[in-house]
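Residue numbers (our numbering): 75 to 592.
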């Protein structure tokens, strides 16, 4: 269940690793484009607002100069001066003198000639004498109201067209008054309603198929709104989208590769084996060894087993091969020996003639850790060194260059050394001369040829002759028939193990078996 849950988790992680960078690329490219285009729109709105403020400021400046001249109100000189200002200021259509809320005279002439006009209440005042009318009717043009700014006793009527902002490409601009939220200039723009709505909220946002930006004056009751089409926004999004998507694909590829690499490492046999060792999942199986002369059980070979809930039990050969390639030989050797001592140590203490044989890897011999392990486990617990036999293959002997010296030290400490799978390697005889060994284990491949028509059948007598010559004990593996057992006994083989007697078993079963073969 935990494995399945973890696989599901890794699958989800792989999906996220593949999709998240792409989604992030889309998000960040869109956010970047939106920010850049909003800043661009905001700059355009600020420019439109600044232009409108300049019109008001210039008109106000002219009015300030007019108030500073001590002319008699509505005198010919006064009227002439107002005409000069109106003529020289392009955006001013009329300068007027007011008193008691009525226009007494203007740059167009005395009030008697043009009619005394009443002024409506100002749309805005700053409390310091400055007033603004956003829709003031001019006598010569009732259809297009003017914008008027008043200071003191004078006011300037400004052509509303000067507040009309020219569109730039697909960007629309409009200047609005905040008193009635209407454009200062008459505009034929279908977006006015949405631009007014944006101005009232006072923030940039996307509405419909447009992006809006608002700039509000800090001195006057006016705002400028800029609007850009979504098509233009999408066009601006293309370049950052391509760049971030390429980067996202690269990151996505790297992340998927990392997840896959982690998954392969996590679920690799080597990683699983290391986890099994740390969790104590490895089990020890005991393969009984029978003395052929009387059929009594005199010991057992220690085999490592790795039972897994999801997979079949891994064979000892495969497990040892995996451990050698993964560098976990010593950990397994230590686990097997410590487990065996914990499970049947009392038997070994009570029966000094009982032995167990431990398979040793080349790394155990090269590192020097085997001697320390044996001392740590055996010293002081009443188990003799001679009861722990060490098995090693010809291949391990070849890989361990210093094996001879280490084996000599182990034999001197009391351990018996068995050469496992004898006859299957390249240099069996040479190693018999060079290495201190006490016994040969005849491989099951040769034992299986006994009584069969096989080219390997004659090898057993030769191996037996070599052992007798070298005064080595012989142990036969893979004995499955009485015929094989009889033949091996006749050849002088002392110990046998195989399915004829028993299969590998756990500690409890071994105790029961030992009681029947004592």
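Just so it is clear, CB atoms sit at the ideal spot from N, CA and C, and this is done for glycine as well.
With a threshold of 16 other beta carbon atoms within 10 Å, residue 515 meets it and is buried. About 7 Å separates the beta carbon of residue 163 from that of residue 132, a gap short enough to meet the 8 Å contact definition.
In this chain, residue 372 is not harboured by any alpha helix (DSSP H); it is covered by the beta strand (DSSP E) spanning 371-379. Taking the Cβ atoms as the reference, residue 285 lies roughly 6 Å from residue 115, within the contact range of under 8 Å. DSSP places residue 496 within a strand segment (E or B) once states are collapsed to three. In the DSSP annotation of this structure, the continuous segment of the beta strand (DSSP E) that includes residue 362 starts and ends at 357-365.
In chain order, 370 and 371 place their CB closer than 6 Å to the CB of residue 591, counting only its own chain and leaving out the 5 sequence neighbours on each side.
Nearest to residue 374 by C-alpha distance, out of 224, 356 and 550, is 550.
Burial check for residue 308: the Cβ neighbour count within 10 Å stays below 16, so the residue is exposed. Beta-bridge partners of residue 551 (DSSP): none assigned. Between residue 165 and the set 248, 149, 129 and 172, the nearest pair of CA atoms involves 129.
In the DSSP annotation of this structure, the continuous segment of the alpha helix (DSSP H) that includes residue 561 starts and ends at 556-564. Excluding residues up to 5 positions away in sequence, 177, 180 and 229 lie with their Cβ nearer than 6 Å to the Cβ of residue 170 in the same chain. Ranking 194, 161 and 226 by CA distance to the CA of residue 200 puts 226 first. With distances taken between CA atoms, residue 250 lies nearest to 271 out of 427, 243, 271 and 232.
In the DSSP annotation of this structure, the continuous segment of the alpha helix (DSSP H) that includes residue 444 starts and ends at 443-452. For residue 439 against residue 410, the beta-carbon gap comes to about 16 Å, at or over 8 Å, which does not count as contact.
Setting aside the 5 residues that flank it on each side, residue 447 is surrounded in the same chain by 408, each with a C-beta closer than 6 Å to its C-beta; the list follows chain order. Contact annotation: residue 589 and residue 574 have beta-carbon atoms that are not nearer than 8 Å. For residue 464, the uninterrupted beta strand (DSSP E) run begins and ends at 462-467, by DSSP. Your pair residue 297 and residue 291 checks out as a contact, with CB atoms roughly 7 Å apart and the cut at 8 Å.
Residue 237 has its alpha-carbon roughly 32 Å from the corresponding atom of residue 145. DSSP, read as helix, strand or coil, puts residue 245 in strand. Residue burial is scored here from C-beta neighbours: residue 362 has at least 16 other C-beta atoms within 10 angstroms and is therefore classed as buried.
Going by C-alpha positions, residue 493 is about 32 Å away from residue 353.
Residue 182 carries a coil assignment under DSSP once its states are collapsed to helix, strand and coil. Here residue 159 is near residue 140, since their CB atoms are less than 8 Å apart. Restricting attention to 359, 207, 155 and 581, the CA atom closest to the CA of residue 183 is found in 155. With at least 16 other beta carbons inside 10 angstroms of its own, residue 541 counts as buried. For the 8 Å CB-CB criterion, residue 106 and residue 314 form a contact.
With 16 or more other CB atoms across the displayed protein chains lying within 10 angstroms of its CB, residue 360 is buried.
Uninterrupted alpha helix (DSSP H) stretches at least 4 residues long and entirely within the segment 145-211 occur at 150-162 and 185-188, given in chain order.
Taken atom to atom, the span from the alpha-carbon of residue 280 to that of residue 302 is near 9 Å. Residue 537 and residue 327 have their C-alpha atoms spaced approximately 59 Å apart.
With a contact defined as Cβ atoms closer than 8 Å, residue 512 and residue 562 miss out at about 18 Å.
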